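Numbering (this note's numbering), first residue to last: 945 to 1160.
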Amino acid sequence: MKLAILISGRGSNMLALADAVRDGRIAGAEVAVVISDRASAAGLALAAARGIEALAIERHGGRTREEHEREMLEALRTRGVELVCLAGFMRLLSPQFVAAYRGRILNIHPSLLPAFPGLDAQQQAIAHGVKWSGCTVHFVDETLDGGPIITQHIVPVRDEDTAEILAARILVEEHQAYPAAVALVVSGNYKVFGRRIVRKTLQGIKEAIENTFDVS
Ligand code: GAR
945 MKLAILISGR GSNMLALADA VRDGRIAGAE VAVVISDRAS AAGLALAAAR
995 GIEALAIERH GGRTREEHER EMLEALRTRG VELVCLAGFM RLLSPQFVAA
1045 YRGRILNIHP SLLPAFPGLD AQQQAIAHGV KWSGCTVHFV DETLDGGPII
1095 TQHIVPVRDE DTAEILAARI LVEEHQAYPA AVALVVSGNY KVFGRRIVRK
1145 TLQGIKEAIE NTFDVS
């Protein structure tokens, strides 16, 4: 399965995914292209240094969101991309873009969604006084950070935390959670029940139990 990774900056999650593909932890996948909406994104050079095609597709010159997204979609289609992984990509995708890759766009967010969507999630968590936070990998739909959840990892929020310290603690978990979630999606070993993403193996057990016992 050909993956595209969309970034806007540092690209550490992009590298975690690229490493997992290289090491076979995301079996049957290939990173076809890394695209940034900022030419200055450090992650672009990191991708290129690993021999991955790295493209800057900026929304400059007063272009509309539609024009910008059309160019990105064209780049994805010409490379046969089947799964789009947002990794610190700081733009909202239009409903048209989401429709073009429905069920095939993933995002990672540095909070336990549905808590603290949007910007500065780690600062939002500290300001709210939560004692646990973490990261969420989810499918992207038309809502802000609101699509079905694939996996979540948790970390403690400590009294002395700043947003930066908490972000660093969460980032360690992001680098574990995202490759694992992409591996699951690439394997196809899951089912979608409304908002619930259920591993097929668990579903199989559930069906077996329901077939064995009368659970009605
Ligand atoms: C990550 O913490 C990611 O969860 C966050 O941006 C950072 C990107 O870091 N994404 C969002 O906040 C999206 N709403 P990276 O460029 O090193 O992967």
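Cβ atoms here follow ideal geometry from the backbone N, Cα and C, with glycine treated the same way. All values derive from a computational prediction rather than experimental measurement.
Looking only at DSSP bridge pairs, what is residue i linked to?
i	result
R1140	I1093 and F1137
S1131	Bridge partners of S1131: none, in fact.
N1155	DSSP, once it has assigned bridges, lists no residue as partnering N1155.
T1145	DSSP output for T1145 lists no bridge partner at all.
P1100	W1076
F1083	L1050
I951	S980
K946	E974
Report buried or exposed for residue i, applying the criterion of at least 16 other Cβ atoms within 10 angstroms of its Cβ.
i	result
P1039	exposed
N957	buried
I1098	exposed
F1157	exposed
S1077	buried
I928	No statement about residue 928 is possible, as the shown extent of the chain runs from 945 to 1160 and does not include it.
D1103	exposed
T1087	exposed
G1072	Inspection of the sequence shows that residue 1072 is occupied by His rather than by Gly. Exposed, by the Cβ-count rule.
G1091	buried
P1123	buried
Name the two residues that bound the continuous beta strand (DSSP E) containing residue i.
i	result
L1027	L1027 to L1030
I1070	It is not in any beta strand (DSSP E) - I1070 instead sits in the alpha helix (DSSP H) that spans A1065 to H1072.
Whose CA, out of the options, lies closest to the CA of residue i?
i	options	result
L959	E1086, Q1120, S1131 and L1128	Q1120
V978	L1030, P1092 and K1075	L1030
L1110	E997, K1144, Q1068 and N1155	Q1068
L961	W1076, L1050 and R1009	L1050
A1019	F1041, A1125, H1004 and T1106	F1041
L1115	R1139, F1157 and P1054	P1054
A985	A1000, I996, A993 and E974	A1000
P1100	D1085, A971 and L1056	L1056
G995	R966, R1007, S980 and G1005	R966
A976	N1133, E1117, G1132 and V1025	V1025
What is the DSSP secondary structure of residue i, reduced to helix, strand or coil?
i	result
A973	coil
I996	coil
A985	coil
M1034	coil
V1124	The sequence given here has Ala at residue 1124, not Val. Looking at A1124 - three-state DSSP - the assignment turns out to be helix.
L1115	helix
In the DSSP assignment, find the unbroken alpha helix (DSSP H) run with residue i in it and report its ends.
i	result
S956	S956 to R966
P1039	P1039 to A1044
H1004	Note, H1004: premise wrong, no alpha helix (DSSP H); not H, not E.
A1019	R1009 to T1022
So, is the C-beta of residue i closer than 8 Å to a C-beta in chain B?
i	result
P1123	As a matter of chain content, chain B is missing from the structure shown, which is built from one protein chain.
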